[in-house]
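In our numbering, the protein residues as written are 3 to 215.
Listed below in C-alpha cells is the structure:
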C-alpha cells in the first residue's frame, strides 16, 4: 500500500541528502520516480545537498498541480520525492495525499517543520495532519553550544531577527548584507544568542560562550 511520508527536521540535518539517497535506492530497483523541489539553494529546477550532490528536479511553483502533472505523465509513476516541502501550499499537500490514495504513488516529502519565528509552515502543518508517517531525521544538527539544535534562526547583516516574511531564501552561514540561517537549541534561540553574538560576549580567555540564567 502506498504511503505519504513526511521526513522533518531542522536545517543542516541531512534532509536533501536522504532525499537523494532514497531516490537512488528506489530507482535502482527499477521503480520510476519524479523529483520535485522549491527554492533550492542551487537555484530553480534543482535538488541539492550541502555534501555537494545535486540533481535535476521539477520546480514547484504556486500554480503547480501535482495531481494534473503526475496523472498526465505518459508512463506510470511509482513514487515522488518532494524536497523543500515546507514551501508547498496546503492545497498541494492535499493533491499529494490524493495521489497516494487514488493512484498508489508513494510520496516521500522532506521539509523543515517550523520557521525562524518558531511558527509552523502551512505546508508542514498540513503534512503533519495528513501523513501516514512523520519521521524525524536521526542525524542531529547541533547548536554552537553543542546541544541538539531544534530551532532555525534567521540573521540579517549577522544579527538574528524574529520578524519578516516567512519565506526568504538564504543559506547556513553569515555574511554582511545577506540573509543567512543558523540552527540553535531552544535556549539560545529564545535568547537570540547566535554563534556571532556568543563570541562577541565571550570572555577573553574563551572559556565560555554562554550567558548566566
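Backbone N, C-alpha and C define an ideal beta-carbon position, used for all residues, glycine too.
Given the structure is predicted, the values throughout are model-derived calculations rather than measurements.
Limits of the unbroken alpha helix (DSSP H) element including residue i
| i | result |
| --- | --- |
| residue 49 | From DSSP, residue 49 is part of no alpha helix (DSSP H) but of the beta strand (DSSP E) over 48-50. |
| residue 24 | 17-30 |
| residue 93 | 92-105 |
Rounded C-alpha distance that separates residue i from residue j
| i | j | result |
| --- | --- | --- |
| residue 192 | residue 34 | 44 Å |
| residue 134 | residue 112 | 14 Å |
| residue 25 | residue 90 | 20 Å |
| residue 23 | residue 12 | 18 Å |
| residue 93 | residue 132 | 12 Å |
| residue 180 | residue 65 | 29 Å |
| residue 174 | residue 183 | Here residue 174 scores only 46 on pLDDT, less than 50, and its place in the model should not be relied on; the value that follows carries that caveat. The alpha-carbon atoms of residue 174 and residue 183 are separated by roughly 5 Å. |
| residue 39 | residue 121 | 21 Å |
| residue 194 | residue 85 | 28 Å |
| residue 159 | residue 196 | 12 Å |
Residue i (DSSP reduced to helix, strand or coil)
| i | result |
| --- | --- |
| residue 79 | coil |
| residue 192 | helix |
| residue 72 | helix |
| residue 203 | helix |
| residue 66 | coil |
| residue 12 | coil |
| residue 198 | helix |
Per-residue burial, residue i [other beta carbons within 10 Å of its own, 16 or more giving buried]
| i | result |
| --- | --- |
| residue 138 | exposed |
| residue 10 | buried |
| residue 3 | exposed |
| residue 167 | exposed |
| residue 6 | buried |
Terminal residues of the beta strand (DSSP E) in which residue i lies
| i | result |
| --- | --- |
| residue 182 | 181-186 |
| residue 56 | 56-58 |
| residue 38 | 35-39 |
Exercise. If you scan the stretch 108-173 from start to end, which runs of the alpha helix (DSSP H) of 4 or more residues do you find wholly inside it?
Worked result: 124-132
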